Amino acid sequence: MRIGIVCYPTFGGSGVLATELGKALADEGHQVHFITYQQPVRLNVFNANIFYHEVRVPTYPLFDYPPYEVALASTMVDVIVNHDLDLLHVHYAIPHASAAYLAKQIVKQKNGRDIPVITTLHGTDITLVGRDKTYEPVVTFSINESDAITAVSENLREETYKSFAITKNIEVIHNFVDVTRFNKKPIDAFRKVIAPNGEKILIHASNFRKVKRVDDVVKVFAAVRKEMPAKLLMVGDGPERPATEELARRLGVDEDVRFLGKQEQMEDILAVSDIFILPSEYESFGLAALEAMAAKAVVISTNAGGLSEINIQNETGFMTNVGDVEAMSRFTIELLRDESRLSTMKEKAYEQACRFDIRNIIPVYEKLYSRYCRMEMCGID
Ligand code: GMT
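Mapped onto this note's numbering, the consecutive letters of the sequence shown carry residue numbers 530 to 910.
What follows is the structure, given as C-alpha cells:
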C-alpha cells in the first residue's frame, strides 16, 4: 500500500510511535510517505520505501502566526495526488485531523477520490490541549469526520468519549516497542563512567513538561540517596528543566544527577539503567516506560491514565497515586536493597514489554488499513 503518515517530528511520544510505525511498514514492503515540517528524529535509516515531504510554511509580514495548518493540508493534497496514496494516517489530532479533513475534501472535489483518513489519538491532544474551549469544536468535528479513529490505550479511549461528543467507534491499538532493539547488552565502559563504584542507576526520560512532574523524580532520588549510593540520569529537555536542576542542587544531590538533554540512542542509556521513574500526572500510555521495560528496567510510576495497562503492580514495577513521593521512594529503596527481587522484576518487565512487541502490533495496523484501501491496490490478505 501507499501510506501517508502525518506526525510531529520531535522527541514526543506520538512522533516516535508514528515514525517507528512508518519504518516497520516500509520494512513490510509498503511505500510510506512522511509529511512533517522537519525530518522526524527517529527517521535515521535509509529505506527505499520511505519518502519524506517537508511542509514549508512561507512567512509574510502580515502573519504573526504563519498558517501551518493550511500549508500542511496543501502538502497533503500534493502528496495524495502525486503519489497516489491509498490512505492517510495522522497522529495527534491537533491540527493533523482537521488538516486531513480539509485535504480529503479538496482531493474529493479535484480528483473525485475519497481518501480514507485514520486518526490516532495519543494523549495530550485529548486530555490537555484538545479539551481547551479554543480547540474543542474543531477537534470534535475532525475526529468524527475521520474514517477510522484509534486510541493508544483503553484509558485514552474512555477519556475521549468523556470529553468529546464522539459518534464513532474508537478502536484501541496499544503502542509498541521493538524489543530486539531495546534488549541490549549494557556497555560496561558507559556504566563505569556513570556509576564508577557500581552504584545502582535510576533514570527518567521525558519532555520535562509540567504533566511529567519531574521534580518528583528528583525528590525520590534524594530520598534514595539518603539511604544508599546511587546515580540518576535525566534524559530529555523542556520547560521544567531549569527548575529541576535547581531542585537537585537545593536537595544536595546534583553531584549524582546527570542531565543528558535530548538523546537518540535511548537503547544504550536504558541498557545500563536499573529503575525507570515516571511520576506523571497523566500518561495515556507511557511509551517511555515501555521502552525502559524492554531494556529490563523496573518501572516506578503513578497509576495515572493508561499506565496500569502496561505496568503491573508488584511484578514489573510499582504504581502509586500521583504525588505520593514517599511511597515511590519507599518502593525504590526496598527494591534496591533486594538484589534478587530486582532481577526477577527486571525479567518480568521484559516479558511484559514482549507483549507489546512491534511484531504483534504492526499486523493490527495493517488489518485496519486493509479495511479502507482500494481493493485493486490492497495486497493484504
Ligand atoms: O506528552 C508527551 O509525552 C508527548 C505526547 C505526544 O503525543 O507526543 O505523548 C503522548 O503520546 C505517547 C505516545 O502515544 C504516550 O506514550 C504518552 O503517554 C502520551 N503523553 C501523555 O498522555 C501525557
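Cβ atoms here follow ideal geometry from the backbone N, Cα and C, with glycine treated the same way.
This structure is a prediction, so every number in the text was calculated from the model and none was measured.
Practice task
Would you kindly check if the distance between the Cβ of threonine 604 and the Cβ of isoleucine 564 is under 9 Å?
Solution key: yes
query: How far does the beta strand (DSSP E) with arginine 531 in it reach, from first residue to last?
result: Boundaries of the beta strand (DSSP E) harbouring arginine 531: 531-535, taken from the DSSP string.
- Task: Note down, in chain order, each residue of its chain lying with its Cβ closer than 7 Å to the Cβ of histidine 651, except the 5 sequence neighbours on either side.
- Result: Gly542, Ser543, His620, Tyr621, Val681 and Ser813
Notebook entry, point to check: Taking Cβ positions, are alanine 626 and serine 675 nearer each other than 9 Å?
Noted result: yes
*Tell me whether arginine 900 is buried or exposed, calling it buried when 16 or more other Cβ atoms sit within 10 Å of its Cβ.*
exposed
ask   = Just the Cα atoms here: how many angstroms apart are lysine 760 and alanine 718?
value = 16 Å
Identify, in the order they occur along the chain, each residue of the same chain with its Cβ nearer than 7 Å to the Cβ of proline 768, setting aside the five sequence neighbours on each side. Phe737 and Arg738
- request: Might you give, ordered along the chain, the residues of its own chain that have their beta carbon closer than 6 Å to the beta carbon of isoleucine 909, omitting 5 neighbours on each side?
  value: Because the pLDDT of isoleucine 909 is 48, which lies under 50, any placement of that residue in the model is unreliable, and the number read from its coordinates should be weighed accordingly. Within the same chain, Cβ atoms closer than 6 Å to the Cβ of isoleucine 909 are found at Glu895 and Ser899, the five residues on either side in sequence being excluded.
| Is valine 786 near valine 827, with beta carbons less than 9 Å apart? | Contact: no.
Next on the checklist: Is aspartate 654 a contact residue of the ligand GMT, with contact defined as CB to any heavy atom under 8 Å?
Outcome noted: Aspartate 654 Cβ: within cutoff of the ligand GMT.
Could you tell me the distance, in whole angstroms, from the CA atom of tyrosine 589 to the CA atom of arginine 770?
33 Å
| task | In the DSSP assignment, find the unbroken beta strand (DSSP E) run with valine 658 in it and report its ends. | result | Run containing valine 658: none; DSSP gives neither H nor E here.
* Roughly how many angstroms lie between the CA atoms of leucine 616 and isoleucine 532, to the nearest whole one? -> Cα to Cα, the separation comes out at about 5 Å.
Fill in: For serine 671, the first and last residue of its enclosing alpha helix (DSSP H)
665-674
Confirm the yes/no value for this check: CB of serine 735, any heavy atom of the ligand GMT, distance under 8 Å. Yes, the beta carbon of serine 735 sits closer than 8 Å to at least one heavy atom of the ligand GMT.
CA-to-CA distance, lysine 825 to lysine 877, given in whole angstroms = If you take the alpha carbons of lysine 877 and lysine 825, they lie about 8 Å apart.
(request) Starting from leucine 614, follow the alpha helix (DSSP H) in both directions and report where the run begins and ends. (result) No alpha helix (DSSP H) holds leucine 614; DSSP gives it neither H nor E.
Q. What's the C-alpha gap between leucine 780 and alanine 751?
A. For leucine 780 and alanine 751, the gap between their C-alpha atoms comes out near 7 Å.
Practice prompt. Please confirm whether any heavy atom of the ligand GMT lies closer than 8 Å to the CB of glycine 781.
Written response: No, since every heavy atom of the ligand GMT falls outside the 8 Å radius drawn around the Cβ of glycine 781.
query = Nearest-angstrom Cα distance between asparagine 576 and glutamate 549?
reply = 13 Å
What does the Cβ neighbour count give for tyrosine 690, buried or exposed, with the cut at 16 atoms within 10 Å? exposed
Handout entry: Span of the beta strand (DSSP E), counted from its first residue to its last, around glutamine 567
Key = Segment: none, glutamine 567 is in no beta strand (DSSP E) and carries neither H nor E.
Report task. Between the Cα of glutamate 700 and those of Ala817, Ile655, Val545 and Glu687, spot the shortest distance and give me the residue it belongs to. Result -> Glu687
Which of helix, strand or coil DSSP assigns to threonine 679: strand
Does the distance from the CB of alanine 628 to the CB of isoleucine 609 come in under 9 Å?
no
**Asked** Who are glutamine 881's beta bridge partners in DSSP?
**Response** In the DSSP assignment, glutamine 881 is bridged to no other residue.
Closer than 9 Å to chain B by CB, glycine 835 | Looking for chain B here will not work: only one protein chain is present.
Item to check | Rounded separation between asparagine 712 and alanine 800 - CA only | outcome: 7 Å
### Message
Could you give the first and the last residue of the continuous beta strand (DSSP E) run that contains alanine 734?
### Response
729-734
Practice task
Closer than 7 Å by C-beta to aspartate 607: which residues in its own chain qualify, once you throw out the five before and the five after it? Chain order, please.
Solution key: none
Would you decide whether glutamine 881 is buried or exposed? Buried here means 16 or more other CB atoms lie within 10 Å of its CB. buried
Problem - Three-state class that DSSP yields for tyrosine 594 in the structure shown - result: coil
Report the CB separation of isoleucine 798 from isoleucine 732 in whole angstroms; it is logged as a contact under 8 Å. 7 Å
### Task
Under 6 Å Cβ to Cβ from phenylalanine 847, same chain only, skipping five residues before and after it: list those, please.
Ile829 and Phe860
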